[in-house]
Amino acid sequence: DAGVTQSPTHLIKTRGQQVTLRCSPISGHKSVSWYQQVLGQGPQFIFQYYEKEERGRGNFPDRFSARQFPNYSSELNVNALLLGDSALYLCASSSREFGNQPQHFGDGTRLSIL
Amino acid sequence: AQKVTQAQTEISVVEKEDVTLDCVYETRDTTYYLFWYKQPPSGELVFLIRRNSFDEQNEISGRYSWNFQKSTSSFNFTITASQVVDSAVYFCALKGGSQGNLIFGKGTKLSVKP
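Chains A and B, in that order, are what the protein sequence lines are. Note that the numbering used here numbers the first sequence so that position 67 is 399, with each residue one more than the last. Note that the numbering used here numbers the second sequence so that position 61 is 68, with each residue one more than the last.
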């Protein structure tokens, strides 16, 4: 079975632009979470979606938004990009919303803001 | 508040040495889950192990072993006879019983030299 897939792999944008990142979860997984990982730090939680509803949100500004589609794939949108948004964006899927099921991560999208 | 602390920023060992990565966590939840992930230079986070708060049994898997001690809020990870392929950043993560997101430590970069 395919793992979590993310696209694009790399992206270069300039300040003020908008970006959309995409994620396809492992088949059968209904929960998708997004994380931001700045160089040298651990991943920070941005959003969790389960059954197409937002179930959790981390401490990120309203410039960040996301949605989940009927096929459980997800998009993360970031508006009015700032230099500080440069990071690795990771998508993770799991079979359940809560509990001890591990989250499985994709390879990430590396976003660079010039 | 929930928090994960990995006090060791970087560790360098010579191949075949044993190495222990420390993880200390804080939570007020009575039910919670702990995880270890490995992040090689390619960037993907690879799930290694999970432990439930109500299961303090330690585990050994090949060269890997984990020591969970609730009394000291620690969940340490030991690699026996380290190999160059073990070189990566290792993250400890916590999830509350009624939470869907992971809280990560800052990671420990392990370098294994031949």
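Here a beta-carbon is modelled for each residue, glycine too, at the ideal position from N, C-alpha and C.
Asked	Found
Taking the alpha carbon of A:K384 as the reference point, which residue from A:Q368, A:V364, A:L353, A:G374 has its own alpha carbon closest?	A:V364
Quick check: what's the CA-CA separation for B:E22 versus B:S89?	5 Å
What does DSSP give as the partner residues of A:A424 in its beta bridges?	A:S365, A:F437
Taking all protein chains shown into account, do 16 or more other C-beta atoms lie within 10 angstroms of the C-beta of B:I67, making it buried, or fewer, making it exposed?	exposed
B:Q9 touches chain A at which residues, Cβ-Cβ below 9 Å?	Neighbours of B:Q9 on chain A: none; closest Cβ ~11 Å, over 9 Å.
Could you name the residues of chain B that A:Q435 contacts, counting a contact when the two beta carbons are closer than 7 Å?	L109
Please state if the CB of A:H361 and the CB of A:S427 are separated by a distance shorter than 8 Å.	yes
Once DSSP output is grouped into helix, strand and coil, what is the label at A:K384?	coil
In or out: B:N108 buried (at least 16 other Cβ within 10 Å) or exposed?	buried
What residues of chain B sit near A:S427, judged by a beta carbon separation below 9 Å?	What A:S427 touches in chain B: nothing, since even the nearest Cβ is about 12 Å away.
Please classify A:L415 as buried or exposed, where buried requires at least 16 other C-beta atoms within 10 Å of its C-beta.	exposed
Going straight from the alpha carbon of B:E24 to that of B:D62, what length do you get?	29 Å
Whole angstroms are fine: how far does the CA of B:P121 sit from the CA of A:N389?	Looking at the sequence shown, residue 389 of chain A is not Asn but Arg. Cα to Cα, A:R389 sits roughly 43 Å from B:P121.
Helix, strand or coil for B:V96, going by three-state DSSP, please let me know.	strand
Kindly indicate which three-state DSSP category B:S89 falls into: helix, strand or coil?	coil
Is there a Cβ from chain A that is less than 8 Å from the Cβ of B:Y32?	no
Using a beta-carbon distance cut-off of less than 7 Å, what residues from the stretch 52-67 of chain B approach chain A?	L52, F54, R57, N59
Alpha carbon to alpha carbon, what distance is there between B:S81 and B:T34?	12 Å
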